[in-house]
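Asker:
So this is what it looks like as structure tokens:
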């Protein structure tokens with residue numbers, strides 16, 4: 001046996017021991033002499049044999065302590081669990097749906113819980129979570145609503161970390177939950193205290209360093225009277241089941257989450273948007289419900305993947321209609337009725353493209369954001385035959401996809417399709433019950449996003465000396481009258497044109513004066529007289545009125561780009577917001593009878609005066625500026641006029657919406 005072979009068989013004890021025996025019993029003298037002259041050197045093998053007192057093995061055993069079915073249980077890979085309090089404290093919100101299994105004479109509809117959640121992970125496997133929820137359950141028979149306030153405490157076991165080791169970069173994480181809770185329930189003045197035990201499976205999706213989206217199916221056993229069934233429910237317990245979903249954010253501020261440098265816009269961003277809205281109506285076709293919508297937002301990215309956005313929104317649409325029957329004297333008319341929604345909206349943002357490490361290392365001109373959240377607001381509907389129509393609060397879910405094109409590091413234009421599902425309650429008169437309704441609306445908005453620079457970025461920009469400058473330009477555009485009632489008649493285009501002059505007083509503030517010409521067409525009923533065989537007769541018909549308006553405007557402009565970034569003489573894109581006042585004068589008007597009318601007699605003349613005279617108004621808008629060079633710029637300007645004279649250009653029904661005109665203009669500007 002060669003020394004190399006002996007060294008490789010460290011665990012083979014028997015062959016090493018037998019080698020000297022075979023040498024000693026050799027019958028050849030030369031071999032014996034050779035052995036005597038050349039003694040065996042003391043190798044590690046022979047030393048181990050001579051000094052080892054362990055039992056001898058009959059065969060080799062190749063044992064690897066790491067080669068086990070679940071090695072990750074014993075070898076902790078990924079990250080070290082740091083005992084830093086804020087790293088493992090998380091807060092967030094949760095919603096979803098829940099249901100109480102019917103056991104008595106009452107059956108409840110699915111409830112939509114909404115509330116907050118806070119939790120803490122004590123180590124890589126164990127944590128505690130507290131949840132506060134409010135849920136409304138409408139009765140299926142329409143006989144009122146069960147209102148519940150709930151507090152839950154849950155133990156959370158991180159199964160994924162137990163099986164595969166702690167890794168804070170893990171995207172999918174499964175954690176069983178087990179806990180107890182208390183519910184305070186109210187139904188038509190009847191109150192009940194309910195205790196519960198629940199279990200669930202929390203499926204978390206890591207969205208980056210600080211945020212996690214989760215879905216959690218759950219099952220609960222409750223003490224009696226969760227459905228307020230009284231003695232008709234003979235069971236001593238009730239069953240609740242459902243699914244929770246939400247977003248949590250932790251306070252981890254370490255910089256070791258991403259293995260490479262990332263490029264994204266840190267800090268706050270601001271958005272202005274305007275678009276068209278649609279309503280899912282049982283009466284009207286999808287495009288016949290078309291209205292307008294507006295949004296102003298502020299948001300912040302916590303890391304390259306997750307952000308948060310808070311918005312104020314307003315929208316209007318047509319939700320229903322009425323058709324009058326045709327007679328021998330008049331045709332059939334279609335009159336559409338308008339609804340409106342004003343809301344505050346809170347959304348979680350996700351940039352799915354930044355899940356890919358190579359994508360987030362380079363700034364790209366095209367980006368996409370996914371937004372999911374909730375909103376709470378005020379809903380109105382014009383209902384014929386009522387004094388005020390429907391006016392109530394509503395709560396809803398919303399989801400959107402934002403497609404952005406970045407013009408530079410600070411400014412992006414975007415297109416945003418959105419869906420809103422709203423739930424509201426319409427109270428009945430003199431009846432102790434509430435009816436619940438769910439409605440769906442959609443919108444497509446165009447907008448601009450301006451990102452605020454952080455202190456480090458602002459300090460790195462070179463200082464520029466501002467010089468006050470005079471500017472002037474022209475704009476053309478279209479406008480829409482936001483009426484509560486619209487009778488479909490002959491179509492005519494509404495348009496506007498304006499000439500303006502202004503002065504940049506400073507890097508933030510400008511003043512602008514403008515003279516504007518508008519044409520506004522309205523379809524509305526009116527009485528008229530005709531010469532019928534030499535005798536004047538009076539009839540009622542649909543007329544189209546055309547108003548030619550002259551507006552004198554004065555506006556204050558604030559440069560948001562300079563406010564949230566820094567004054568930059570070479571910036572290509574600037575975003576302004578403006579507010580001011582105007583005076584509108586109806587210079588001329590004309591009226592013609594609807595082409596579908598069956599005219600009786602000749603030369604119909606409307607009885608009521610069509611000219612509304614003049615009225616003051618307030619204006620609010622935004623200006624997106626693209627600088628071609630130092631003198632010339634292109635402009636996009638959405639604007640809203642609110643007339644202070646009630647019914648100035650209103651329809652048959654007086655309403656605040658009858659005094660609002662929305663317009664969008666394109667134009668050019670020259671800076672002297």
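Residue numbers (full-length UniProt numbering): 1 to 672. For every residue, glycine included, the Cβ atom is placed at its ideal position computed from N, Cα and C. Just so you know, these numbers come straight off a predicted model, no measurement behind them.
1. Do residue 245 and residue 96 come within 8 Å of each other at the CB atom, strictly closer than that value?
2. What runs of the beta strand (DSSP E), each 3 residues or longer, lie entirely inside the segment 333-402?
3. Report the start-end ranges of each beta strand (DSSP E) in the segment 180-254 that is 3 residues or longer and not cut off at the edges.
4. Are three or more beta carbon pairs between the segment 270-283 and the segment 178-192 nearer than 8 Å?
5. Given a cut-off of 8 Å on the beta-carbon distance, is the pair residue 587 and residue 551 in contact?
6. Is it true that the CB of residue 249 sits closer than 8 Å to the CB of residue 211?
7. Taking contact to mean at least 3 C-beta pairs separated by less than 8 Å, is the segment 467-485 in contact with the segment 530-549?
8. If we count the other Cβ atoms within 10 Å of its Cβ and call it buried at 16 or more, is residue 113 buried or exposed?
9. What residue range is occupied by the uninterrupted beta strand (DSSP E) comprising residue 152?
10. Does DSSP put residue 289 in a helix, in a strand, or in coil?
11. Considering only residues of the same chain and omitting the five flanking positions on each side of residue 480, which have a CB-CB separation below 6 Å?
12. Along the chain, where does the beta strand (DSSP E) that runs through residue 470 open and close?
13. Take residue 204 and list the residues in its own chain whose beta-carbon comes closer than 8 Å to its own, dropping the five residues that flank it on each side.
14. Judging by CA-CA distance, which residue of 671, 616, 298 is the nearest neighbour of residue 645?
15. Looking at the structure shown, is residue 493 part of a helix, part of a strand, or coil, going by DSSP?
16. Per DSSP, which one or two residues make a beta bridge with residue 543?
17. For residue 485, does the three-state DSSP call read helix, strand or coil?
18. Apart from the five residues just before and just after residue 324, which ones in its own chain have a Cβ nearer than 7 Å to its Cβ?
19. By DSSP's criteria, residue 514 is part of a beta bridge. Which residues make up the other side?
20. What's the gap between the Cα of residue 659 and the Cα of residue 399?
21. Quick check: the Cα distance between residue 130 and residue 115, rounded to an integer number of angstroms?
22. Can you tell me which residues form a DSSP beta bridge with residue 295?
23. Could you give the DSSP three-state label for residue 404: helix, strand or coil?
24. Can you tell me whether residue 188 is buried or exposed? The criterion is at least 16 other CB atoms within 10 Å of its CB, across all chains shown.
25. Pick from 290, 670, 596, 621: whose alpha carbon is nearest that of residue 628?
26. If we ignore side chains and look at the alpha-carbon of each, how far apart do residue 448 and residue 286 end up?
27. If you run the structure through DSSP and keep just helix, strand and coil, what is residue 281?
28. Tell me which same chain residues have a C-beta within less than 6 Å of the C-beta of residue 510, skipping the five on either side of it?
29. Using the beta-carbon count (16 or more within 10 Å), is residue 420 buried or exposed?
30. My understanding is that residue 675 touches residue 442, with C-beta atoms under 8 Å, so please give their C-beta distance in whole angstroms.
31. Hey, residue 452 and residue 576 are a contact pair by Cβ (cut 8 Å); roughly how many whole angstroms apart?
32. So, helix, strand or coil for residue 531, using DSSP?
33. Quick one: what's got a C-beta closer than 6 Å to residue 402's C-beta in the same chain, skipping five residues either side?
34. Along the beta strand (DSSP E) that carries residue 136, what are the first and last residues, could you check?
35. In chain order, what residues of the same chain have a beta carbon less than 6 Å from the beta carbon of residue 406, not counting five sequence neighbours either side?
36. Enumerate in chain order the residues of its own chain whose CB-to-CB distance from residue 93 is below 6 Å, with the five nearest sequence positions on each side excluded.
Answerer: By the coordinates alone:
1. yes
2. Runs found: 333-350, 366-381.
3. 190-206, 211-223, 237-250
4. By the C-beta criterion, the segment 270-283 is judged not to be in contact with the segment 178-192, since fewer than 3 inter-stretch pairs fall below 8 Å.
5. no
6. yes
7. no
8. Result: buried.
9. 145-157
10. Here residue 289 sits in helix by DSSP.
11. 662
12. 469-481
13. Result list for residue 204: 172, 173, 174, 175, 212, 213, 214, in chain order.
14. With distances taken between CA atoms, residue 645 lies nearest to 616 out of 671, 616, 298.
15. coil
16. 524, 593
17. strand
18. 332, 333
19. 500, 553
20. 31 Å
21. Distance between the alpha carbons of residue 130 and residue 115: 11 Å.
22. Partner(s): 273, 313.
23. Residue 404 falls in the strand class under three-state DSSP.
24. exposed
25. 670
26. 27 Å
27. coil
28. 502, 504, 557
29. buried
30. Residue 675 is absent from the model: the chain starts at 1 and stops at 672.
31. The pair is not a contact, with the Cβ atoms about 16 Å apart (cut-off 8 Å).
32. strand
33. 369, 414, 416
34. 126-138
35. 365, 412
36. Answer for residue 93: 116, 246, listed in chain order.
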